[in-house]
Amino acid sequence: KKPAIQPTAPPPSPTSGENDPFVGNWVAVDKVDGSSTTLTISRNDGSYSLVLVDDKASACGLDEAGKPKFAIEIRAAGTARGNVLNATTTSATCFSDPPSSLERVWTAELTYQTPTDTLIDMWVRVDTGTVFSGTVWRRR
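Residue numbers (this note's numbering): 16 to 155.
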């Protein structure tokens with residue numbers, strides 16, 4: 016008789032005394048337009064704060080050639096379970112002149128890859144369901 020297969024629980028979230036794999040400064044190249052992006056993740060009492068800056072964001076307007084013309088700063092808050100950080104945006108600001116707020120909400124799922132010390136992302140625009148995923152974030 017075969018032993019019953021026991022379900023495995025996801026690993027616990029990091030506690031405040033541990034080396035937290037999400038916290039730090041990350042960089043990536045936008046897969047869509049090749050722009051530079053940075054992501055800063057900090058932690059306070061179990062919740063996370065994220066600040067993403069994309070130096071050219073199509074959400075903030077396009078130039079005559081159809082290229083993104085302004086940077087964007089996206090702020091989000093979230094929690095982690097195991098090697099996955101889930102977050103929801105709290106603000107999005109285009110660095111146009113003058114700066115303007117975007118009334119859009121995205122959710123993010125960032126998966127930490129232990130062997131490579133990288134994050135893989137998946138962002139979903141809540142109102143349209145549009146998915147942006149697969150960006151590889153490396154520590155800065």
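Ideal Cβ positions, reconstructed from N, Cα and C, are used throughout, including at glycine.
Nearest neighbour of residue i, chosen from the options [CA to CA]
i    : options                  : result
D70  : T105, F110 and G93       : F110
I87  : T108, S148, T52 and A43  : T108
L100 : T53, G149 and S62        : S62
E124 : G97, G81, D142 and T143  : G97
L67  : R58, D60, N59 and S51    : S51
A43  : D35, T53 and N34         : T53
D60  : P83, C75, D78 and D35    : D35
S116 : V141, Q128, I89 and D142 : I89
Residue j beta carbon less than 8 Å from that of residue i
i    : j    : result
W41  : R119 : no
S73  : D112 : no
I56  : F85  : no
L65  : A95  : no
T133 : V151 : yes
K46  : G144 : no
T122 : V139 : yes
Residue environment, residue i, which counts as buried when at least 16 other CB atoms sit within 10 Å
i    : result
P130 : exposed
D136 : buried
P114 : exposed
T105 : exposed
G93  : buried
A102 : buried
A80  : exposed
Checklist line | Whole runs of the beta strand (DSSP E) within the segment 37-73, excluding any shorter than 3 residues | finding: 39-44 and 51-59
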